[in-house]
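Okay, so the sequence shown: first residue is 4 according to the working numbering, each after it adds one. For each residue, glycine too, the CB sits at the ideal point set by N, CA and C. Predicted, not measured: the structure shown is a model, and the values here were computed from it. Have a look at the structure below, then the notes.
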Amino acid sequence: MTTPTGLPDALQQLRDTVAAAPLGLATTGRDAAARTARAVVEQVDDYLLPRLRDLDAPLLTVVGGSTGAGKSTLVNSVLRAAVTTPGVLRPTTRSPVLVCSTADVAAFSGDRVLPGLARTTGEGDTTSGIKLVPTDALPPGLALVDAPDVDSVVEANRELAGQLLGAADLWVFVTTAARYADAVPWDLLRTAQERGTALAVVLDRVPPEAVAEVADDLAGMLQRAGLSGARLFVIEERPLVDGFLPEDQVGPLRQWLHALAADQGQRAAVVRQTLAGALASLGDRVDVVVVGVQEQATAAEALHAAADAAYARARAAIDEGVGNGSLLRGEVLARWQEFVGTGEWMRSLQGQVGRLRDRLTAAFTGRPNPADDLQGALESGVETLLRAEADRAAEKTVTSWRSLPGGIGLLDGRETELDGVSPAFSGAAADEVRGWQGFVLELVRKEGAGKRSQARLLSWGVNGAGAALMIAVFASTAGLSGAEVVIAGGTTAVGQRLLEAVFGDAAVRQLAMDAREDLDARADRLLRAEQARFDELLAGAAPQLDAAVELRAAAAALAAAHGARA
Ligand SMILES: Nc1nc2c(ncn2[C@@H]2O[C@H](COP(=O)(O)OP(=O)(O)O)[C@@H](O)[C@H]2O)c(=O)[nH]1
Ligand SMILES: [Mg+2]
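Written out as structure tokens, the structure is:
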């Protein structure tokens, strides 16, 4: 037989794609998909690639089955040598034993098959690896593996049993009169049926008086499961002789195995059957992984959307809070009134703006930096608003993530760290607000430069005009006419009337819009940095957009290579 080149390459590509399948989010289907992915990778490494590279290598026969079924006793009895230790105490965590002809040692001692399991040869049991026992009791051409229990209470044993079955050319499935209807063995038998794995079934430890009844029943079950092609051996439970089954009980199985070892054509047929079945099974198994990856993508999308919605709400709330006048209370209002002066100028508000301005100018210049006090108050007011909304968005995101698939795993005990603003927020917010104030002052300065308004502006002061512009932004009065402003803004409208007197209505509207836009952009930048904490967590675990597409493409390429070969 010759090895085609296209198939191993396609297989390697599929294996690598499956191994890299992103399953980082703890969704409901994640573990099943990860198990399937692991089993596919293992079978490609342990069996498919080695088998494709060397179709004539000795047949690997794995003796698998339920706890206490008599697998180890059976292997020893086939060889009439104590190569493996039957267990009285359970559960056992002993490593599997691979028995082969001394002539075949080279085929199994390296990492040609089962490369992930280290070979051990010495006495005693190891918890990992596989014990290699060369013997002349077995003819060349066929090796036997005494595998851990498929239904072991120890998960690592169960997984190893599954891995070994995935590496087998031939399963010798051992069950007993007491256990042959159990669920776990039947799950595996169904897998063998679906994949067309070459299979023999040993019904072991049957009370002699029940042989006919139990054997018939099991044969019926095998037939209904589509496994009537599997050779069935029945072994009565009799006293062991020197630890071995009586010869008349184990003889037929031994002869069958020896005949298989001796017949190159029959061995090749077994290899072809199991190989073709395993290759054909990959499409459906990769589909399971694809579904898992898609579930990951859906979960990631929902998690991202939750964070996005929380921060969008924060953005809207800040926008609302900036424009609805709510900032112009308490400290800010007090500072503003101090800034413009209180009392009589209010009463003359309807009078000449010029006169008013003169009074105000006098008021500004007569005070020790009232504009600075006002700016300080505005600064802390804006910062408080930003922080409250950023806090709320973080808390809301954490709450949403807790209830979304995969969310808790991502938070991973960091809820208390994540359900408020980041440590960097306070400093960043202070910088942005100060930056905004600088921007506003610069706006005012530029607007006044080289114009007739310059003189008036100077008499008022850039700081004064800037503060008035900030107040106008927060009062949302820009765009209203003078009379409306008075009604809408009360005290705060004074500033705008003055700004209009200095710069003109249209310019003030534009200035207020520019100032508002800049503040929005800064709030947006702050919130994006805050949201990035969640997006980064997600990016570390969520699948790339094309992960499922790549898996499908690799499976299709393999199917094409397999089809071309068939
Ligand atoms: N009398 C008798 N005991 C058996 C037979 N097969 C297995 N045993 C005993 O059942 C226990 C479990 O057998 P073992 O071969 O370790 O089963 P395994 O878990 O499938 O490998 C051991 O104590 C064996 O000696 C049998 O045919 N007759
Ligand atoms: Mg055993």
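Using 7 Å as the cut-off, classify the Cβ of residue i as near or not near the heavy atoms of ligand 2, replying yes or no.
i: Lys134; result: no
i: Asp149; result: yes
i: Ser75; result: yes
If you run the structure through DSSP and keep just helix, strand and coil, what is residue i?
i: Arg417; result: coil
i: Glu239; result: strand
i: Asp207; result: strand
i: Thr123; result: strand
i: Val157; result: coil
i: Val116; result: coil
i: Arg332; result: coil
i: Arg234; result: strand
i: Leu260; result: helix
i: Gly469; result: helix
i: Tyr183; result: coil
i: Pro408; result: coil
i: Asp59; result: coil
i: Asp422; result: coil
i: Arg54; result: helix
i: Arg38; result: helix
i: Ala542; result: helix
i: Asn327; result: coil
i: Ala491; result: With a pLDDT of 41 at Ala491, under the threshold of 50, the modelled position of that residue is not reliable, and the figure given next carries that caveat. Helix at Ala491.
i: Gly438; result: helix
i: Gly485; result: Its pLDDT being 48, under 50, Gly485 is placed unreliably in this model, and the value from its coordinates should be taken loosely. The answer is helix: DSSP assigns Gly485 an H, G or I state.
What does a CB cutoff of less than 7 Å around residue i pick up in its chain, not counting 5 residues either side in sequence?
i: Asp521; result: Trp439, Phe442
i: Leu561; result: Ala13, Leu14, Leu17, Leu285
i: Gly354; result: Low confidence applies to Gly354: its pLDDT is 45, below 50, so where it sits in the model is not reliable, and the reading given next is rough at best. None.
i: Ile321; result: Leu388, Leu389, Glu392, Ala526
i: Thr20; result: Glu553, Leu554, Ala557
i: Thr345; result: With a pLDDT of 44 at Thr345, under the threshold of 50, the predicted position of this residue should be treated as unreliable, and no value is reported.
i: Gly3; result: An answer regarding residue 3 cannot be provided, because it is not within the stretch 4 to 569 covered by the chain.
i: Asp149; result: Val66, Lys74, Ser75, Val78, Thr87, Pro99, Val100
Does at least one heavy atom of ligand 1 sit under 7 Å from the Cβ of residue i?
i: Arg241; result: yes
i: Pro89; result: yes
i: Gly572; result: Any property of residue 572 remains undetermined from this structure, which presents the chain solely from 4 to 569.
i: Arg208; result: yes
i: Ala110; result: no
i: Leu82; result: no
i: Ala164; result: no
i: Asp152; result: yes
i: Leu248; result: yes
i: Ala72; result: yes
i: Val244; result: no
i: Val177; result: yes
Find the nearest neighbour of residue i within the set the options, judged by alpha-carbon distance.
i: Phe477; options: Arg519, Ala510, Ala305, Val293; result: Arg519
i: Arg193; options: Arg227, Ala180, Ala170, Leu206; result: Arg227
i: Gln16; options: Ala558, Gln196, Glu386; result: Ala558
i: Val102; options: Ile238, Ala121, Thr88, Ala146; result: Ala146
i: Ser425; options: Gly199, Gly67, Ala471, Ala397; result: Ala397
i: Gly2; options: Thr105, Gly9, Asn160; result: Residue 2 cannot be examined here, being either before or after the span of the chain that is shown, 4 to 569.
i: Asp190; options: Val214, Gly165, Ala213; result: Gly165
i: Arg437; options: Gly409, Leu377, Pro408; result: Leu377
i: Thr400; options: Lys449, Gly333, Val325, Ala313; result: Ala313
i: Thr570; options: Thr64, Ala121, Ala470; result: No statement about residue 570 is possible, as the shown extent of the chain runs from 4 to 569 and does not include it.
i: Gly469; options: Ser80, Asp375, Glu435, Ala281; result: Asp375
i: Val204; options: Ser231, Phe236, Gly268, Arg198; result: Phe236
i: Gly543; options: Val274, Ala23, Leu28; result: Leu28
i: Trp174; options: Val44, Gln196, Glu158, Val43; result: Gln196
i: Leu51; options: Thr124, Asp172, Gln299; result: Asp172
i: Gln252; options: Ala40, Ala532, Asp434, Arg83; result: Arg83
i: Gly295; options: Gly9, Gly566, Arg38, Ala564; result: Arg38
Mind checking who residue i pairs with in its DSSP beta bridge?
i: Asp149; result: Val66, Val100
i: Phe176; result: Gly67, Val204
i: Leu135; result: Leu101
i: Phe247; result: Val244
i: Arg528; result: Answer is none; Arg528 lacks a bridge partner.
Given residue i, which residues of its chain have a CB within under 8 Å of its CB, disregarding the five upstream and five downstream residues?
i: Ser69; result: Asp152, Val153, Asp154, Val177, Thr178, Thr179, Arg182, Asp185, Val187, Pro188
i: Arg417; result: none
i: Val1; result: Because residue 1 is not part of the residues shown, which for the chain are 4 to 569, the question remains open.
Any heavy atom of ligand 4 inside 7 Å of the beta-carbon of residue i?
i: Gly68; result: Among the ligands in the structure shown, ligand 4 does not appear; only ligand 1 and ligand 2 can be found there.
For residue i, collect the residues of the same chain with a Cβ closer than 6 Å to its Cβ; drop the 5 residues on either side in sequence, then sort them by chain order.
i: Leu278; result: Arg54
i: Glu487; result: Here the model assigns Glu487 a pLDDT of 45, short of 50, so the residue's position is not dependable and the matter cannot be decided.
i: Asp207; result: Ala72, Gly73, Val177, Thr179, Ile238
i: Leu540; result: Leu413
i: Leu221; result: Tyr183, Leu206
i: Ala545; result: Ala303
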